[in-house]
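Written below as structure tokens is the structure these notes are about.
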Amino acid sequence: MLLEVEGLSVNYGQIEAIRDISFSVEEGTVATLIGANGAGKTTTLKTISGLLKARTGKITFDGVDVTDMPPYDRVKVGLCQSPEGRGIFPGMSVRENLEMGAYVRTDRKTAAYQEDFDRVMTLFPRLQERIGQVAGTMSGGEQQMLAIGRALMARPRLLLLDEPSMGLAPKLISQIFSIITEINEQGTTVLLVEQNAAQALKRADTAHVLDSGEITRSGTGDELAGDDSVKAAYLGGSV
Amino acid sequence: MQFFFDHFFELTITGLALGSIYALVALGYTMVYGVLQLINFAHSEVFMYGTFAVIWVFTAFGAGGHTSTGGIIGLLIVSVFAAMLVSGGIALLIERVAYRPLLKRNSPKLVALISAIGASFALSETMGLRDRITGFVGLDKPLADYVNGARDNSSLPVEITPKAVFKIGDYSVTTIDLLVIITALVMMVFLDRFVRRSRAGRGMRAVAQNPEAAALMGVNAVRVRQITFLLGGMMAGVAATLYMIRIGTTRFDAGFILGVKAFTAAVMGGIGNLRGALLGGLVLGVAENWGSAIIGTQWKDVVAFILLVVILLFRPTGLLGESLGRARA
């Protein structure tokens, strides 16, 4: 297992945001956490990337206990998150944003770096066109592409994506999801947090339903997509 | 009014020199604000300690009669490094003692603001009571030269006399005017490049624009904060050296009014914006000189603050704005 989360509980101030969560992500797969607003999806991701502290529980990444590791060291071991609401650096150009993604890398002048840069350019031709533009002036979809591209520049082993479809037009949403599949096919493990359960379940190898801070259902993407209670609660379909 | 026209060039050049010093100190305010969204009210003390570092260097090496031009230049070079070291060190101390424990606990910004004001008083009074402190540990005799009259003005033991270089209109621009303005500009260019090009500078801008995303990219926020305080402190050290060259006299509370002016310059130019700090400093320096020539010297500070109010009325984010633009630190 690349990532293992065991008995994780996290508080937001006095409020218990997630309670005793356990799940794991196998290398090379796409895993997803789905759930309603406020179910604790973002909290879970933020704790995995180190922005929030776990109250109890343990996070193991590639056999190493990272529970108490500061966020900047987690990036070095290969955990990289594209934050909710995109979180690009608005005053920097597209190129500078991508360079920020590679902040922890020391191989800036090498072929490996160039290769990763070219890979992002191929995945997102739009970014190539806008390479010198100030990122804050781009559209929401372009910013989302930049946020994912930036996370890829760290050459992560596990890519954490927080709501990549948020606020995007339907056509863009399916485009973003095919790119996520493509990234996975190129060998990057993905942990995807989504409110758009239909798309997420379609792409995911394993899926977990998060409800009020607890995991209530787990299974393969297809299993959950076919599950009546999941359909009723998250897929908006009539049963 | 006649005085103003007669001395226009003199007022402008000396105003630019004064403004350069404001600008260098303003950088410290604006950088810390950019990274933390906090005003470091103890920054004036960072500057004040720098002025004393210059006096100490001159007293320690200069009293023996190195008053030749070459000797003074040598002392100034040592002084500027000493002042950068002392001011940078004080800035780091402020970050460590007054800010870090609070930020670690996610305290409200207001608390950090009060803590900075407390640090400002503590640092200033430590300097103002240095005779008592050295007396308490039994050092007052060997250090008598350094600590006499801790609450009085302290002056450079050597007088630095400016030499005329060339004329603009009917004003002879002096070596000191040139030294101050050029040094300030060089430091600004250096800092601007550092923030734009270096890895640490990129980290600073990232934290300023989006601290959470910066952490996710692997930026160590504590390290960035230290670098920010250190750089701001070093700039204040340079400003302190230039100030001592021009004014020659300092005191334990000399940082206060200069700090307020530099803060004004930072806000006027657009706080968080490095180039804004430069522009704000220069505008403020020149406006003060012009204003005091037109209305009267006693109105000097009033002019500065009226100008601030007027600029903020029309441009609430300052001259260059706390924009998302690339100029932002």
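Protein sequence lines, in the order shown, are assigned to chains A and B. So that you can map any letter, position 64 of the first sequence is 124 in my numbering, and since no number is skipped, the others follow by simple counting. So that you can map any letter, position 11 of the second sequence is 226 in my numbering, and since no number is skipped, the others follow by simple counting. For each residue, glycine too, the CB sits at the ideal point set by N, CA and C. Small disclaimer: the values here were computed from a predicted structure and weren't measured.
Proximity of the segment 514 to 528 of chain B to the segment 473 to 490 of chain B meets the contact definition, three or more beta-carbon pairs being nearer than 8 Å. The Cβ atoms of A455/B and S335/B do not sit closer than 8 Å to each other.
Shortest Cα-Cα distance from T182/A to any of E87/A, Q246/A and G281/A involves Q246/A. For E274/A against I81/A, the beta-carbon gap comes to about 7 Å, under 8 Å, which counts as contact.
At the C-beta level, V295/B and V453/B come within 8 Å of one another. Comparing alpha carbon positions, the residue from N488/B, Y458/B and G463/B closest to G474/B is Y458/B. Between Y163/A and chain B, the shortest Cβ-Cβ separation is below 8 Å. Only residues of its own chain outside the window of five on either side were considered, and among them L253, I254, N255, H258, T443, F444 and G447 have a CB closer than 8 Å to the CB of V247/B, listed in chain order. In the displayed model, K319/B falls within a helix according to three-state DSSP. For S339/B, the enclosing alpha helix (DSSP H) has its first and last residue at K324 to G343. Linking G416/B to A436/B through their CA atoms gives a straight-line distance of about 12 Å. Neighbours of N425/B across chain A, judged by C-beta separation under 9 Å: P143, G147, I148, F149 and P150.
By the C-beta density criterion, N368/B is exposed, having fewer than 16 other C-beta atoms within 10 angstroms. The beta carbons of G201/A and L232/A sit closer together than 8 Å. Identification of chain B residues near Y132/A by a Cβ-Cβ cut-off of 7 Å yields A430, G433, V434 and N435, ordered along the chain. D222/A is bridged by DSSP to V253/A. Taking Q204/A as the centre and dropping the five residues before and after it, the same chain places the C-beta of R146, P224, L228 and I236 closer than 7 Å to its C-beta, in chain order.
The Cβ of M129/A sits no closer than 8 Å to any Cβ of chain B. For V85/A, the enclosing beta strand (DSSP E) covers residues I75 to V85. Within the segment 79 to 134 of chain A, the complete alpha helix (DSSP H) segments of 4 residues or longer fall at 101 to 109, listed in chain order.
Q441/B carries a helical assignment under DSSP once its states are collapsed to helix, strand and coil.
Counted as a single uninterrupted DSSP element, the beta strand (DSSP E) harbouring E64/A occupies residues L63 to Y72. The residue among R490/B, S507/B and A298/B with its C-alpha nearest the C-alpha of F405/B is R490/B. Contact between A492/B and L242/B holds: CB atoms are separated by about 5 Å, below the 8 Å threshold. Given a length threshold of 3 residues, the segment 228 to 257 of chain B has no whole run of the beta strand (DSSP E) inside it. Uninterrupted beta strand (DSSP E) stretches at least 3 residues long and entirely within the segment 191 to 244 of chain A occur at 218 to 222, given in chain order.
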